[in-house]
Amino acid sequence: MTLLITPRMRLEPLEDHHFEALHRLNRDPVVMRYITGRPDTPEDTQAMIDRVKARWAEFGYSWWGFIRQSDGELLGCGCIQHLARDPAGPLETGWRLRQDAWGQGYASEAARHMVGWAFATLKPERVCAVCQPENTPSSTVMERLGMTFTGLGRWYDMDCRRYDVTAAQWDASDARKRYVAEA
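Written as structure tokens, this is what we have:
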């Protein structure tokens, strides 16, 4: 399992011991409005952890918990996974954060490290991200990663905007420069 260290966080693969903090995050209807449209039940959160553990075992990547280094609190989580959970699809990054962590740069910091790790380790041609059109904070993070809008589509039973960054675009991006400086 891969541990990633950022200036303010430790990104560690989600495991059973993250259940309580992850469920607090996933049961927040405001956090989940653009993800599933509803709060998670305890069973939903456990199913997520089980799915994530299986993907780590199968692929060597999946979802990390974002652990703030200063106090050990789980601030959120994020991933490198296959778009729409289809192994034939491109690699995708995504994230969610507790409301009290919004607007502090944690999503961008974690995303830089997840995408940087993906390009350095997995060597994909591109990494994508999707969000509902109304989710402007996420599309802003995508743009900060050097991603460009590539079109609308339907993923995860939602109409979404897709953003992509190719390996060459990543190499030339300010996000990569920051990632290298932080790593």
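Heads up: the sequence shown begins at 1 in the UniProt record's numbering, then just goes up one per residue. Just so it is clear, CB atoms sit at the ideal spot from N, CA and C, and this is done for glycine as well. For clarity, every value in this text was computed on a predicted model and none was experimentally measured.
According to DSSP, which residues form a beta bridge with residue i?
| i | result |
| --- | --- |
| residue 65 | 12, 77 |
| residue 149 | 163 |
| residue 129 | 163 |
| residue 82 | 91 |
| residue 3 | Looking at the DSSP assignment, residue 3 forms no beta bridge with any residue, so it has no partner. |
| residue 155 | 158 |
Starting from residue i and walking both ways along the beta strand (DSSP E), at which residues does that stretch end?
| i | result |
| --- | --- |
| residue 95 | 91–97 |
Tell me which residue opens and which closes the alpha helix (DSSP H) that residue i is part of.
| i | result |
| --- | --- |
| residue 116 | 106–117 |
| residue 49 | 42–59 |
| residue 32 | 29–32 |
| residue 139 | 136–144 |
| residue 176 | 174–182 |
| residue 21 | 19–26 |
Rounding to the nearest angstrom, what Cα-Cα distance links residue i and residue j in this structure?
| i | j | result |
| --- | --- | --- |
| residue 128 | residue 47 | 24 Å |
| residue 177 | residue 183 | 10 Å |
| residue 115 | residue 80 | 8 Å |
| residue 104 | residue 141 | 12 Å |
| residue 118 | residue 124 | 7 Å |
| residue 26 | residue 51 | 15 Å |
| residue 171 | residue 75 | 28 Å |
| residue 90 | residue 126 | 7 Å |
| residue 57 | residue 155 | 24 Å |
| residue 85 | residue 28 | 23 Å |
| residue 148 | residue 132 | 15 Å |
| residue 107 | residue 143 | 12 Å |
| residue 169 | residue 130 | 18 Å |
| residue 159 | residue 152 | 7 Å |
| residue 22 | residue 45 | 7 Å |
Decide if residue i is buried, meaning its Cβ has at least 16 other Cβ atoms within 10 Å, or exposed.
| i | result |
| --- | --- |
| residue 17 | exposed |
| residue 164 | buried |
| residue 138 | buried |
| residue 180 | exposed |
| residue 174 | exposed |
| residue 70 | exposed |
| residue 134 | exposed |
| residue 66 | buried |
| residue 40 | buried |
| residue 43 | exposed |
| residue 92 | buried |
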